[in-house]
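Residue numbers (this note's numbering): 111 to 311.
Since the structure comes first, as structure tokens, the remarks are kept for the end.
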Amino acid sequence: MDDFEWIVFTSAHAVEVFGERRNPAILTPKIAVIGPATARAVEAIALPVSLLPPRYVAESLAESLVQQAVGANVLIIRAEQARDILPTMLEQAGCRVSIVEAYRNRIPEKSLPMLCELFAAPDRYPDAVTFTSGSTVRNLVSLLASADLIVPARIVLASIGPITSRSMREFGLEPTIQAREATLAALVEALVHYLSVDSAG
């Protein structure tokens, strides 16, 4: 920890992994987080958050951080598969970046049979499918391809934010709705509003 001026967390899960392994006797550098859920996870392990960006995406986090961390040593703790926009922008601003891949996203073994059962007949279709990251898009598309299935057109596709929406479009899925900010609370709010208006109409 003595080598870094900043630690950056890009998810609450990364914070949890860090919290399980950190030595409380060692001073922790300033902490930057990508959004409020990650901030709450940091506070839950009794550490202060020094930076929360105005928009909860990697681009906004990088833009906010470079204003305070030019030339700093920055440690990013994140998933094994993650976009490189954050370290790239920090390095371009003169930061020295180290990345620790603290966890990986994996598809549970039961996902494929559950998906096949869910899409076996129209009366079983869900009203909506939510996407909270690019990996959720990739994983669903991969599972559907394995089962020779597609997402029925009538299902509402709800995206947590612009980055996830872009991933959806790359795989041919057009978001029906997008949350006003990249948080689960905003995603639920947008989905509830859409479904209530739709049912009322």
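For glycine and all other residues, C-beta sits at the position ideal for the given N, C-alpha and C.
Coarse secondary structure for residue i, derived from DSSP in three states
i      : result
THR240 : strand
ASN183 : strand
VAL289 : For the record, residue 289 in the displayed sequence is Ala; it is not Val. Coil.
ARG314 : No information on residue 314 is available, as it lies outside the stretch 111 to 311 that the chain covers here.
ALA255 : helix
ARG165 : coil
ARG193 : coil
Buried/exposed call for residue i, threshold 16 Cβ in 10 Å
i      : result
GLN288 : buried
LEU228 : exposed
PRO236 : exposed
PRO164 : exposed
ILE144 : buried
MET278 : buried
ALA263 : exposed
SER269 : buried
VAL307 : exposed
ILE260 : exposed
ARG188 : buried
ALA124 : buried
ALA208 : Here the sequence assigns Ser to residue 208, which means Ala is not the residue at that position. With fewer than 16 other Cβ atoms within 10 Å, it is exposed.
PRO285 : buried
VAL302 : exposed
GLY204 : exposed
VAL118 : buried
VAL210 : exposed
VAL152 : buried
ALA142 : buried
Segment limits, alpha helix (DSSP H) that includes residue i
i      : result
LEU130 : Note on identity: in this sequence residue 130 is Glu, with Leu being the wrong assignment. From DSSP, the alpha helix (DSSP H) with GLU130 extends over 122–131.
ALA172 : 168–176
VAL159 : It is not in any alpha helix (DSSP H) - VAL159 carries neither H nor E in the DSSP assignment.
Where the beta strand (DSSP E) containing residue i begins and where it ends
i      : result
ALA142 : 140–143
ILE117 : 116–119
message: Please give the ranges of any alpha helix (DSSP H) in the segment 257–303, keeping only runs that are unbroken, at least 4 residues long and fully inside the region.
response: The segment 257–303 contains these whole alpha helix (DSSP H) runs: 272–280.
query: Are the segment 165–178 and the segment 193–203 touching by the rule of at least three beta carbon pairs closer than 8 Å?
result: The segment 165–178 is in contact with the segment 193–203.
query: In chain order, which beta strand (DSSP E) runs of at least 3 residues are fully inside the segment 199–239?
result: Whole beta strand (DSSP E) segments, 3+ residues: 206–213.
query: Using 8 Å as the Cβ pair cut-off and three pairs as the minimum, do the segment 236–246 and the segment 128–136 touch?
result: The segment 236–246, when compared against the segment 128–136, does not touch it at the 8 Å Cβ threshold.
- request: Take every Cβ of the segment 254–270, pair it with every Cβ of the segment 125–134, and state whether three or more of those distances are shorter than 8 Å.
  value: Touching, no, given that fewer than three Cβ pairs across the two stretches are closer than 8 Å.
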